[in-house]
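In mature numbering (1 follows the signal peptide of the UniProt record, and there is no 0), the protein residues as written are -21 to -1, 1 to 986.
What follows is one structure encoded as structure tokens, with my remarks underneath.
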Amino acid sequence: MAIRTIFFTLCFFMLNNFSFAQQSATYTNELVDYQKALTLYNNKQYQAAQSLFENIKEDAPNKTLESDCAYYIANCAVRLNQQNADALIEDFVNDYPTSTKRNTAFLDVADYYFANGKYAYARKWYDKVDENSIARSERDRFNFNYGYSLYATKDETAAQKYLNRVTTSTEYGSQAKYYIGFMAYEGDDYEKANTYFDQVSDQEKYKEKLSYYQADLNFKLGKFEEAIQLAKAQTVKGSPQEKSELSKIIGESYFNLQKYDEAIPYLKEYKGKKGKWNNTDYYQLGYAYYKQNDFEKAISEFNKIIGGDNSVAQNAYYHLGESYINLNKKQEALNAFRNASQMDYDLKIQEDAYLNYAKISYEIGNPYQSVPQVLTSYLTKYPNTQFKDEVETLLIDSYITSKNYKEALKLLENKNSFENRVAFQKVAFFRGIELYNEGDYNEARSFFEKAMKEAKTPIFTTRATFWKAETDFILSNFNDALIGFKQFAQNGEASEAEEFKNLDYNLGYTYFKLKNYSKSVTHFQSFVNSKTKDQLRLNDAYLRLADGHFVSSDYKDAIKAYEKAIALNKVEADYATFQKAVSYGFTGEGDTKMKELNAFIHNFPKSALRDDAMYELANSYIKTNQNDKALALYDRLNAEYPSSVFVSKALLRQGLSFYNSNDNEKALTKFKKVASDFPNTEDANQAVSTARLIYIDLGRVDEYATWVKTLDFVNVSDSELDNTAYLAAEKQYLDDNTDAAIKQFNKYINEFPNGIHATKSHFYLAELYNKKQLPENAKPHYEAVVKASRGEFTEQAIVKLSNIYLNKSEWKNAIALLKRLETEADYPQNVTYAQSNLMNAYYQLNDYNQAVTYAEKALQNSKIDNKVKSDAQIIIARSAIKTNNPSKAKDAYAKVEKIATGALAAEALYYNAYFKNKEADFEASNTAVQKLAKDYSSYKYYSAKGLVLMAKNFYALKDAFQATYILESVISNFTEFEEVVTEAQQELSKIKTEEAKTNASVQTEND
């Protein structure tokens, strides 16, 4: 038993000793490996060290060794930049909260990141460090590193706290002061920055860095001489970028010392931030040039300031305006002063700019608003200005010179001072002239009446009296026109008016229209005796003088006057020649008449009166018993002019000739043709009446009765009633009882729709409705006349009906009528009317080739007035633009510009500028736009388009300010023209994108 116990005890002892020995050996091995791992770690073999620490950690015999391995594993992960490094550090801290290496871990990792320039990572770990556990010898390093990490991560307040702790440190003091100074510098605390920089400026490693900052600090502290001295010393050894920045400091310092000539070379040397200047940079160099009176160069800098809206920009734009003025570039100055006047950073500059803007507007016109509006706005904003009297004088005169009469009238309407009423009268008069030239006669008349009623300036009262009379004449109010012309003549100022020279001409025409031919002759004779230089008007006066003699049966005097007109050969030579020939017939010189008519038919092959001449000559042959010649000429007339109004008459004359020669069958053939081809005409009625006599003579009354039943317009039993009903209506018409006449004619047409006088009744009824301005009521009656056989009213009806179609934009209907009028018209003016309206109708239908064809036809007529000429040229020009034929358009617009007024003149002037822009003649293009703005500002559409063109010109001339400012003004001021605004926006976007490449202040759509 004892032996056994001893054995077991011995065995147990031996077993325990073996186990302890085994553990000691293992622990010793772990320590050896741990030391190997430390050696690898200290030799920066972090991958191998980490692997060995991981092996040791797995079998670590105690927590201390395990925690130390975890610490180094995490440290190696940080140094190896492994993705789980931060997590390993966090795990170490969480798993071993009592480890003595906890604080060291935070500090060590933070220092590692700091040393590698990863300050955000470093700050994260420095934030976790327990500052109280840091060894005293490590505190300066911690405070500097943590402070710098905070500075690098933009927490400058906290950074200063830690950096301030080491300002006295031998190792870190200089660096801390430098960064504290730099933070003060960046925070605009220049005094503090200067204090700290001064403390380290003697150290070599900071000297170079501090040279720029100290120069800049002195500049910002207003110590410009010191700034210049420091910056100049540094420019010798600085980098290109530093030299650029230092040049800026030197240049700005000289600028602030008002040494502009010395500032300029340094300001020019500045390269900008990232290669870009800003608006202030351009302003300083521009102002320096301005102070040297180098206005060209000043402008070249100022005008790069685009989109500026601050005190610097306002100042720049004001001096830009002054620079332009010094170079007599008033259009450019207008925009610069306008921009400066719209900013209120400096109220004195704003007021001065506004005054300059107003005065220049008066001088050259204003494309944005009327000149009176500009001047009125200035006086409203600055009622106590010392320039009040001067501006008020300009304002009153501007109502006339601006030519924007419509807008001026709005401004003047309620102003009651004597000066303003004087201006109102003048503006009303000129607005009337403007409307008269545009063909709006009723509206023009109302303005002439306003001018007469105001009666402040006698000469304008007198002139308005004349033009009201002229308008009444155009509107066919001949009695009112006569009264007006007489009133004009009786005014004391009449002889001073430019209209006086044509008074006899106007009175002659008015009396002629009133059928007072003796007085008409008297006035036309006075006019032709006046030795006028107006050859066209003189020619026309001789014609009307001759006509007056002719209708008064003074045929010899008529012949003399027609000969005068023929000799002048300016207008209607064919008419004068024809009338002269006819006049010989009335003087008993039948042979001369026939000779002259024969010559006329030969010499005027294209005259609208050639069929008249044939008919008249044939009639003369009848009178002289030359029947064969007469019948042959009637046949020739009918063959050559089948649409002539004389065809029915020629056929009737032939029938009568055959009847008088007892050739009844041939006579009946002619009469029946007249009745069938020209029903409802006077000629048809006469043909039927004469045929009746023949049938009676031949005893063939039944045959007559059968034939006459085929004619809708003949009802033998109702003829007396027909005539009676018509005469009742006609009497009311002749007595000028409009409403009663309308009632009677309608009654006649209802009772006798195919009556003898149906066509004439339709025409008179249409005229009456037209007089009452009821075109829709007139329309069916004109249509009835046009559809009937050609007669004395056909031509007039075609003109009136086509006019109704044109006013309603029924282009196709109008074209059909106008083409008929062109070929059938007896009156040359109606051919012109047809061609001029055909060109417009075809243009409206986008048939540009036909439009041009008719425009060119119209221009071949030397008798057309300037209004028709300009309309024709406009059609050619617009069609050329539509069909991409710029050379033709340019030529046509140039011709329009010489003769047009109003809207057409504005359009022509715009295209003058447009083509000059296309030819790269930008300054000449701008001159044309300026004229457009001054003379035609009331035509807003072309003003807006002209401004966009001007902007393109200025940008091509390297003036970005003018270009962008004008485009921005178009966008804000002309919103009613969407197409123009869109073009302006696109152009502005292109320019800003380009300018943003060199100007940091320019904001683009993408910013």
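Where is the CB? At the ideal position from N, CA and C, for every residue including glycine.
Hey, would you say residue i sits closer than 8 Å to residue j, going by beta carbons?
i      : j      : result
Val949 : Ala907 : no
Ile854 : Glu886 : no
Thr511 : Ala476 : no
Leu264 : Glu280 : yes
Gln808 : Tyr833 : no
Ala979 : Trp256 : yes
Asp109 : Val145 : no
Here's a check: name, in chain order, each residue in its chain whose Cβ is nearer than 6 Å to the Cβ of residue i, leaving out the five neighbours to either side.
i      : result
Thr83  : none
Ser3   : With a pLDDT of 49 at Ser3, under the threshold of 50, the modelled position of that residue is not reliable, and the figure given next carries that caveat. Taken in chain order, the list of residues that qualify is empty.
Glu422 : Leu414
Ala28  : Ala16, Leu19, Tyr20 and Cys55
Just mark residue i as buried or exposed, buried being the case when its beta carbon has 16 or more other beta carbons within 10 Å.
i        : result
Thr983   : exposed
Ala81    : Looking at the sequence itself, residue 81 is Arg, so the reference to Ala does not match. Buried.
Thr669   : buried
Ile(-19) : Its pLDDT being 43, under 50, Ile(-19) is placed unreliably in this model, and the value from its coordinates should be taken loosely. Answer is exposed; the Cβ neighbour count stays below 16.
Asn60    : exposed
Thr450   : buried
Asn664   : buried
Asn863   : exposed
Leu326   : exposed
Phe953   : buried
Pro362   : exposed
Gln139   : buried
Leu142   : buried
Val215   : exposed
Asn639   : exposed
Which of the three DSSP states, helix, strand or coil, is assigned to residue i?
i           : result
Lys255      : strand
Asn21       : helix
Asn786      : helix
Asn978      : strand
Lys36       : helix
Asp331      : helix
Phe316      : helix
Tyr151      : coil
His736      : coil
Ser218      : coil
Gly770      : coil
Ile52       : helix
residue 994 : A query on residue 994 cannot be resolved here, the shown segment of the chain reaching from -21 to 986 and no further.
Phe579      : helix
Gln352      : helix
Asn840      : coil
Cα separation between residue i and residue j?
i      : j      : result
Phe579 : Val530 : 21 Å
Asp590 : Tyr620 : 7 Å
Tyr91  : Phe85  : 10 Å
Tyr921 : Tyr357 : 26 Å
Gly527 : Val500 : 6 Å
Met322 : Tyr934 : 24 Å
Gly96  : Trp104 : 14 Å
Pro754 : Phe742 : 13 Å
Ser497 : Lys710 : 27 Å
Lys222 : Ala210 : 9 Å
Asp676 : Gly634 : 15 Å
Asn582 : Thr773 : 28 Å
Lys867 : Asn816 : 21 Å
Glu730 : Ala720 : 15 Å
Asp714 : Leu493 : 15 Å
For residue i, which residues from the same chain have a beta carbon less than 8 Å from its beta carbon, with the 5 sequence-adjacent residues on both sides left out?
i      : result
Asp12  : Leu31, Asn34 and Ile35
Gly569 : Tyr563, Ser599, Lys602 and Thr603
Leu547 : Gln514, Leu517, Asn518 and Tyr521
I'd like the list of long-range same chain contacts for residue i, defined as Cβ closer than 7 Å, with 5 residues on each side in sequence excluded.
i      : result
Leu354 : Ala337, Tyr341, Val370, Leu373, Leu374 and Ser377
Lys751 : Thr717
Glu472 : Pro437, Ile438 and Thr441
Ala137 : Leu129
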